[in-house]
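K.L.:
So the protein sequences, as listed, match chains A and B. 683 is the number that this note's numbering gives to position 222 of the first sequence; each next residue is one higher, with no gaps. 190 is the number that this note's numbering gives to position 26 of the second sequence; each next residue is one higher, with no gaps. Just passing along the structure, written as structure tokens.
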Amino acid sequence: MRRQRRRPSRPIPVVAALQDWLAREGRAALETLDRLIDSPLGTLMTVGAIAIALALPATLFVALQNIERLGGSWDQSAAVSLFLAEDVTDEEAAEMASLIGARADIAQVELISKEAGLAEFREYSGLGAALDHLSENPLPAVLSIHPAPEIRTRAQTQALLAALEALPGADFARLDTQWAQRFHAIVALLRTVSLLIGCVLGLTVLLVVGNTIRLEIENRRGEVQIMDLVGATRGFIRRPFLYSGAWYGLLGGIGAWLMVGAAVLWLQEPVGHLADLYHTQFDLSGLDLRASAALLAAGVLMGTLGSWIAVGRHLSHVEPD
Amino acid sequence: MIKFDHVSKRYPERGEAIKDLSLDLAAGEMAFLTGHSGAGKSTLLRLIGLLERPTRGQVIVNGRNLASLPQRKIPFHRRQVGMIFQDHRLLTDRTVFDNVALPLVAMGMRRREIAKRVRASLDQVGLLRLERVLPSALSGGEQQRVGIARAVVARPPVILADEPTGNLDPELSREIFQLFERFHQVGVSLLIATHDLDLVASMGHRTLRLHQGRLVADSGNW
Numbered sequence: 462m463r464r465q466r467r468r469p470s471r472p473i474p475v476v477a478a479l480q481d482w483l484a485r486e487g488r489a490a491l492e493t494l495d496r497l498i499d500s501p502l503g504t505l506m507t508v509g510a511i512a513i514a515l516a517l518p519a520t521l522f523v524a525l526q527n528i529e530r531l532g533g534s535w536d537q538s539a540a541v542s543l544f545l546a547e548d549v550t551d552e553e554a555a556e557m558a559s560l561i562g563a564r565a566d567i568a569q570v571e572l573i574s575k576e577a578g579l580a581e582f583r584e585y586s587g588l589g590a591a592l593d594h595l596s597e598n599p600l601p602a603v604l605s606i607h608p609a610p611e612i613r614t615r616a617q618t619q620a621l622l623a624a625l626e627a628l629p630g631a632d633f634a635r636l637d638t639q640w641a642q643r644f645h646a647i648v649a650l651l652r653t654v655s656l657l658i659g660c661v662l663g664l665t666v667l668l669v670v671g672n673t674i675r676l677e678i679e680n681r682r683g684e685v686q687i688m689d690l691v692g693a694t695r696g697f698i699r700r701p702f703l704y705s706g707a708w709y710g711l712l713g714g715i716g717a718w719l720m721v722g723a724a725v726l727w728l729q730e731p732v733g734h735l736a737d738l739y740h741t742q743f744d745l746s747g748l749d750l751r752a753s754a755a756l757l758a759a760g761v762l763m764g765t766l767g768s769w770i771a772v773g774r775h776l777s778h779v780e781p782d
Numbered sequence: 165m166i167k168f169d170h171v172s173k174r175y176p177e178r179g180e181a182i183k184d185l186s187l188d189l190a191a192g193e194m195a196f197l198t199g200h201s202g203a204g205k206s207t208l209l210r211l212i213g214l215l216e217r218p219t220r221g222q223v224i225v226n227g228r229n230l231a232s233l234p235q236r237k238i239p240f241h242r243r244q245v246g247m248i249f250q251d252h253r254l255l256t257d258r259t260v261f262d263n264v265a266l267p268l269v270a271m272g273m274r275r276r277e278i279a280k281r282v283r284a285s286l287d288q289v290g291l292l293r294l295e296r297v298l299p300s301a302l303s304g305g306e307q308q309r310v311g312i313a314r315a316v317v318a319r320p321p322v323i324l325a326d327e328p329t330g331n332l333d334p335e336l337s338r339e340i341f342q343l344f345e346r347f348h349q350v351g352v353s354l355l356i357a358t359h360d361l362d363l364v365a366s367m368g369h370r371t372l373r374l375h376q377g378r379l380v381a382d383s384g385n386w
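This is the structure:
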């Protein structure tokens, strides 16, 4: 009856229902936040625990990101050694060097002639006297080539190597990538480790929120019973607890974000100083917009999930009496 | 409005609280439920409000067989049944207004409509001027009237009261009963469990007497 009477003033029922729903949810969310603010100490402790649990994986993420960036800048400086055929004379080698040096995808070429190579080998190998007995220099000439900064990806590098090897007089080209491969393997390992740590700490967030919500349900047992008596649905009774969890998660996420931001800001200067000592420039990057959004979303998600679990486990035990 | 058909309720710890009980309460009827403590009055009311389910037999409220009501529909059934308790069951940290508003909030009613209904309900029980007060600041009689306002605010067709005047002196009890009489006059069905036999006698409504879970007397005044 009442519904029919209302209809004329609200011409689009779907929109009106949506508005009602939004208004109700918004009110429930704000009322829950009010309640959290009313007990600041407990809220702060829960939020702090969540913030720390989230800040750790976030810090690892930032560290990895920076390490990878550092690795990227090293990748660019990876040199290519182009070994020339044995019958290539030093004059021909010099000609090749200037030819290659003119290419757009090459930054710098350095010729290591047969003699220079032998001298170097003599110096570093410790075989000095033995080498004197050789009738002929067995070492080929080598061109040490630094690709242009535009050559960044593995595919580009591989293409460049192939092109160099195809040159007449070239024997084979080798990229000095072993250390880079090791570096990438270590980074990959760190990535896996931090994912693992992230999972464990995510579980911690679930437990912290779950326990807090369990206590909240205990404290509001009377209220839950009365809501049950006056005809509130399970969903309605559950709602404020879920919002509690979501707020804890969001506030914890914000706390974690601040912690990571403070750490980056704090480390900026020492890292800059260290880079200076290596005659390079390196700025620590913090959480970008996407990573920040992901951090907050993870907080909200974990918080809601944690309270969902607690509500499912503990609310059903509250029966009217 | 309320029909019990050979209903029994057995508790594992206490045995049978209700034994093969049948009764029929017509729409708009007001009846008292009397008997000693432990006679089964509370259990009978709890079966109507679906706080319990019977072990045997059927309870039909407002034409609906409660046995066939799934768990998730229970809240909607409770909105049809206003319940009043001896200990009021008020939320001590909420104002009188908020307490009375609970059933409407739970129904998802709009705020303006809630305010209108809550004030109308508080006006009926004579507590309109106390809407901003916390229940702890009220006397026992006033607290019970808040409980009554909460039970009637959603305008349920059935009202159940379990010893509503158990803690009140005779004068206040009479006032509460007169309040019930007024709801009866506008067509609400009421079932009131009470020890107050003098008061019951003076009101002249149907009286059901329980003894050890059985209906032993029914004045049938209808």
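Backbone N, C-alpha and C fix where the C-beta goes; we use that ideal spot for every residue, glycine too.
What first and last residue would you give for the beta strand (DSSP E) that runs through residue 167 of chain B?
P.N.:
For the purposes of this step, residue 167 of chain B is taken as the residue at position 3 of the second sequence. It spans 166-175 - the beta strand (DSSP E) in which residue 167 of chain B sits, taken as one unbroken run.
K.L.:
Do you know offhand how far residue 210 of chain B's Cα is from residue 717 of chain A's?
P.N.:
Here residue 210 of chain B corresponds to residue number 46 of the second sequence, with the count starting at 1. Here residue 717 of chain A corresponds to residue number 256 of the first sequence, with the count starting at 1. For residue 210 of chain B and residue 717 of chain A, the distance between alpha carbons rounds to 49 Å.
K.L.:
Along the chain, which unbroken stretches of the beta strand (DSSP E) at least 3 residues long are found entirely within the segment 538-621 of chain A?
P.N.:
541-545, 567-573 and 603-608
K.L.:
State yes or no: is the C-beta of residue 541 of chain A within less than 8 Å of the C-beta of residue 713 of chain A?
P.N.:
Here residue 541 of chain A is taken as the residue at index 80 of the first sequence, counted from 1. Here residue 713 of chain A is taken as the residue at index 252 of the first sequence, counted from 1. Contact flag unset, no.
K.L.:
Since I believe residue 245 of chain B is in contact with residue 212 of chain B (beta carbons under 8 Å), could you give me their beta-carbon distance rounded to a whole number of angstroms?
P.N.:
Position 48 of the second sequence holds residue 212 of chain B. Position 81 of the second sequence holds residue 245 of chain B. Residue 212 of chain B to residue 245 of chain B, Cβ: 6 Å. Contact.
K.L.:
So which of A:647, A:615, A:772 and A:721 has the shortest CA-CA distance to residue 704 of chain A?
P.N.:
Counted from its first residue, the first sequence places residue 704 of chain A at position 243. Checking every option, the nearest Cα to that of residue 704 of chain A belongs to A:772.
K.L.:
From the DSSP secondary-structure annotation, give me the bridge partner or partners of residue 628 of chain A.
P.N.:
Sequence index remark: in the first sequence, residue 628 of chain A carries index 167 (1-based). Per DSSP, none; premise fails for residue 628 of chain A.
K.L.:
Tell me whether residue 280 of chain B is buried or exposed, calling it buried when 16 or more other Cβ atoms sit within 10 Å of its Cβ.
P.N.:
Walking along the second sequence from the start, residue 280 of chain B turns up at place 116. Flag for residue 280 of chain B reads exposed.
K.L.:
Can you list, in chain order, the residues of its chain whose CB lies under 6 Å from that of residue 467 of chain A, leaving out five sequence neighbours each side?
P.N.:
Within the first sequence, the letter at position 6 stands for residue 467 of chain A. Residue placement at residue 467 of chain A is flagged as unreliable, the pLDDT there being 49, under the threshold of 50; the coordinate-derived value follows with that caveat. Closer than 6 Å at the Cβ level, and outside the excluded window around residue 467 of chain A, lies no residue.
K.L.:
Can the beta-carbon of residue 399 of chain B be found less than 8 Å from the beta-carbon of residue 313 of chain B?
P.N.:
Outside the shown range of chain B, which is 165 to 386, sits residue 399 of chain B, and nothing can be said about it.
K.L.:
Among the residues of its own chain, which have a CB less than 7 Å from the CB of residue 189 of chain B, if the five just before and after it don't count?
P.N.:
Locating residue 189 of chain B in the second sequence gives position 25, counting from the first residue. Cβ neighbours of residue 189 of chain B beyond the five flanking positions: 165, 166, 195, 353 and 355.
K.L.:
Closer than 7 Å by beta-carbon distance: list the chain A residues that pair up with residue 239 of chain B, in chain order.
P.N.:
The sequence position of residue 239 of chain B within the second sequence is 75, counting from 1. The answer, in chain order, is 692, 693 and 694.
K.L.:
Under 8 Å Cβ to Cβ from residue 464 of chain A, same chain only, skipping five residues before and after it: list those, please.
P.N.:
For this step, residue 464 of chain A is matched to residue 3 along the first sequence. In this predicted model, residue 464 of chain A has a pLDDT of only 47, less than 50, meaning its place in the structure is not dependable; the value taken from the coordinates is given anyway. Same-chain partners within the cutoff: there are none.
K.L.:
Taking the continuous beta strand (DSSP E) assigned at residue 207 of chain B, which residues delimit it?
P.N.:
Counted from its first residue, the second sequence places residue 207 of chain B at position 43. Counting along the chain, residue 207 of chain B falls outside any beta strand (DSSP E), though it belongs to the alpha helix (DSSP H) covering 205-212.
K.L.:
Going by other Cβ atoms of all chains shown within 10 Å of its Cβ, with 16 needed for buried, is residue 251 of chain B buried or exposed?
P.N.:
On the second sequence, residue 251 of chain B is found 87 positions in, with the first residue counted as 1. The residue is exposed, with fewer than 16 neighbouring Cβ atoms inside 10 Å.
K.L.:
Report the option in A:766, A:756 and A:776 whose CA atom is closest to the CA atom of residue 518 of chain A.
P.N.:
For the purposes of this step, residue 518 of chain A is taken as the residue at position 57 of the first sequence. Measuring from the Cα of residue 518 of chain A, the nearest candidate turns out to be A:756.
K.L.:
Quick one, which of B:178, B:207 and B:342 has its alpha-carbon nearest residue 215 of chain B's?
P.N.:
For the purposes of this step, residue 215 of chain B is taken as residue 51 along the second sequence, with counting starting at 1. Among B:178, B:207 and B:342, the Cα nearest to that of residue 215 of chain B is on B:207.
K.L.:
Going along chain A, which residues have a C-beta under 8 Å from residue 314 of chain B?
P.N.:
Position 150 of the second sequence holds residue 314 of chain B. Within chain A, the residues near residue 314 of chain B are 691.
K.L.:
Looking at the C-beta of residue 481 of chain A, does it have a partner C-beta in chain B at a distance below 8 Å?
P.N.:
As a first step, residue 481 of chain A must be located in the first sequence, where it is residue number 20. Yes, because at least one Cβ of chain B sits closer than 8 Å to the Cβ of residue 481 of chain A.
K.L.:
Assign residue 728 of chain A to one of three DSSP states: helix, strand, or coil.
P.N.:
Looking up residue 728 of chain A in the first sequence gives position 267. In the structure shown, residue 728 of chain A sits in a helix (DSSP, three-state: H, G or I).
K.L.:
Just tell me which of A:754, A:486, A:529 and A:728 has its CA closest to the CA of residue 643 of chain A.
P.N.:
Residue mapping note: residue 643 of chain A aligns to position 182 of the first sequence, counting from 1. Of A:754, A:486, A:529 and A:728, the residue nearest in Cα terms is A:529.
K.L.:
Taking residue 485 of chain A as the query, report the chain B residues whose CB atoms sit under 8 Å from its CB, ordered along the chain.
P.N.:
For the purposes of this step, residue 485 of chain A is identified with residue 24 of the first sequence, where counting begins at 1. Correct list: 272.
K.L.:
Terminal residues of the continuous beta strand (DSSP E) containing residue 752 of chain A?
P.N.:
On the first sequence, position 291 is the one that residue 752 of chain A refers to. That residue, residue 752 of chain A, is in no beta strand (DSSP E); its alpha helix (DSSP H) goes 750-775.
K.L.:
Is residue 170 of chain B close to chain A, meaning its C-beta is less than 8 Å from at least one C-beta of that chain?
P.N.:
If you number the second sequence from 1, residue 170 of chain B lands on position 6. No, no contact with chain A.
K.L.:
If you compare alpha carbons, which of A:612, A:574, A:545 and A:527 is closest to residue 565 of chain A?
P.N.:
Numbered from 1 along the first sequence, position 104 holds the residue referred to as residue 565 of chain A. Checked all of A:612, A:574, A:545 and A:527; the closest Cα to residue 565 of chain A is A:612.
K.L.:
Which ranges does the beta strand (DSSP E) cover as unbroken runs of at least 3 residues, wholly within the segment 291-330 of chain B, from first to last along the chain?
P.N.:
322-326
K.L.:
Would a check of beta-carbon distances place residue 687 of chain A closer than 8 Å to chain B?
P.N.:
The residue given as residue 687 of chain A occupies position 226 in the first sequence. True, the Cβ-Cβ gap to chain B drops below 8 Å.
K.L.:
For the alpha helix (DSSP H) containing residue 344 of chain B, list its first residue and its last residue.
P.N.:
Within the second sequence, the letter at position 180 stands for residue 344 of chain B. First-last of the alpha helix (DSSP H) with residue 344 of chain B: 334-349.
K.L.:
Please confirm if residue 328 of chain B has its CB atom under 8 Å from at least one CB of chain A.
P.N.:
Taking the second sequence and counting its residues from 1, the one referred to as residue 328 of chain B is at position 164. So, not an interface residue.
K.L.:
Once you ignore the five residues that flank residue 175 of chain B on each side, which residues in its own chain have a CB closer than 7 Å to its CB?
P.N.:
Taking the first residue of the second sequence as position 1, residue 175 of chain B is located at position 11. Only 181 meet the Cβ criterion.
K.L.:
Please work out which residues of its chain come closer than 7 Å, Cβ to Cβ, to residue 555 of chain A, disregarding the five sequence neighbours upstream and downstream, and give them in chain order.
P.N.:
Numbered from its first residue, the first sequence carries residue 555 of chain A at position 94. When the five nearest sequence neighbours on each side are left out, the beta carbons in the same chain lying within less than 7 Å of the beta carbon of residue 555 of chain A are those of 572, in order along the chain.
K.L.:
Report the residue from A:734, A:748, A:739 and A:700 whose alpha carbon sits nearest the alpha carbon of residue 715 of chain A.
P.N.:
The residue given as residue 715 of chain A occupies position 254 in the first sequence. Of the candidates A:734, A:748, A:739 and A:700, the one whose C-alpha sits nearest the C-alpha of residue 715 of chain A is A:748.
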